[in-house]
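In terms of the UniProt record's numbering, the sequence shown opens at residue 1 and continues consecutively. Glycine is no exception: its CB is placed at the ideal position from the N, C-alpha and C atoms. Since the model is a prediction, treat every value here as computed from it, not as a measurement. In what follows, a single structure is set out as structure tokens and then discussed.
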Amino acid sequence: MTHRMPLSLKPIEEQIVVIAGASSDVGMATARLLASRGVRGLVLTDSDPAALRRISDEVSRAGSRALAISADVNRRDDLERVAKLAIDAFGRFDTWIDDRNAMMGLAVAVHHLRKWGGGIVAIGRSASGKDHIDRLRMRLRRAGAPVSITLVTAPFLSRLATKPQPIRDPHLAAGAIVFATENPRREIDLGRPPRGLGLLRRAQRHPYATGALLAGIGAALAAFLMPKVANRSRPRPRRTVEPEKAVTRQAGNGEHKTTLGPGHVSQRDGSERRPPAH
């Protein structure tokens, strides 16, 4: 039986937070917001040393400890070095925020956090990494590891894109990220998608099956609607009145009397039209 460690995230004031991609708009907004909330320490990493120094100085002036590490966040060994320097400086880290290469950062963060517990916040700008994160969550749950993973996604249009999409409001994203550092969620969507988007995402994964399904639906709809359309387009017959019919009947005195049949139409003044005399 797997022993499950309890999952409990610390208050921000007690956390050491790593931000991979700290020089991006979202990364800088997140660092500033965490500093304003009194985060205990920040480890800021990205490939732009000048931007890292600027944001590190801002965080320090706000009263939080900051460690700036220039690294290529697309390289596994660089991210391992960041994790080691964070542990050397602060003893551990509690939350790993990744705004660059989430898949690479997840692997490094999980390797360390599963030892003592903590949270991961990944920024998702496309649909490509969501399945990987779901599988990783399942493995962590089965192993009883006290690690939460929150996926913060860009507005729903980006989830349909094959290339990463920008997050247009970094402050909104920063608020969601900081919330997730204390309150783990499966996913926080910055733009509420319409219902049925899950079907659309599945359709992208299985285009041939989707095409066959849509063709079948189209044929069924055509078979159902075409008779109705044909009936509507066909001109309706006008109501006609039968022509006047003269009916000759024999009276009791032997004389023949002519009357109007069922097709009789009255004149405008209401009087009957009389048939011509024979």
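(Q) Just to check my reading of the structure: V178 and R37 have Cβ atoms closer than 8 Å, yes? What is that Cβ distance to the nearest angstrom? (A) 7 Å
(Q) Here's the rule I'm using: 16 or more other beta-carbon atoms within 10 Å means buried, otherwise exposed. How should W116 be labelled? (A) exposed
Q) Got a sec, what are the start and stop residues for the alpha helix (DSSP H) A20 sits in? A) Per DSSP, A20 belongs to no alpha helix (DSSP H); it is in the beta strand (DSSP E), 16-20.
Q.
Quick check on this structure: which residue in A89, P170, V82, S47 has the alpha carbon closest to the alpha carbon of G105?
A. V82
Q: For Q15, collect the residues of the same chain with a Cβ closer than 7 Å to its Cβ; drop the 5 residues on either side in sequence, then sort them by chain order.
A: V39, R40, D94, T95, T181
Q) Which of the three DSSP states, helix, strand or coil, is assigned to D78? A) helix
Q. If you draw a straight line from the C-alpha of H132 to the C-alpha of M103, how long is it?
A. 8 Å
(Q) Helix, strand or coil, according to DSSP, for S56 in the structure here? (A) helix
(Q) Just verifying my parser: in three-state terms, what is the DSSP assignment at L34? (A) helix
(Q) Buried or exposed, going by whether 16 or more other CB atoms sit within 10 Å of the CB of R100? (A) buried
Q | Contact check, G21 vs D98, beta carbons under 9 Å | A | yes
**Q.** Distance, I149 Cα to K10 Cα
**A.** 15 Å
**Q.** Cβ-Cβ separation, L7 to P170 (assumed contact under 8 Å), whole Å
**A.** Contact doesn't hold; Cβ gap of about 28 Å is too wide.
Q.
Nearest by alpha-carbon distance to D189: which of I123, G27, L140, R54 is it?
A. I123
Q. What are the boundary residues of the alpha helix (DSSP H) that includes I120?
A. Not the alpha helix (DSSP H): I120 falls in the beta strand (DSSP E), residues 118-124.
Q: Quick one: grab the DSSP three-state call for L172.
A: helix
Q) Would D48 be called buried (16 or more neighbouring beta carbons within 10 Å of its own) or exposed? A) exposed
(Q) Am I right that S70 and L52 are in contact with their C-beta atoms under 8 Å? What's the rounded C-beta distance? (A) 6 Å
Q) In three-state DSSP terms, what is D94? A) coil
**Q.** Endpoints, beta strand (DSSP E) assigned at D189
**A.** 187-189
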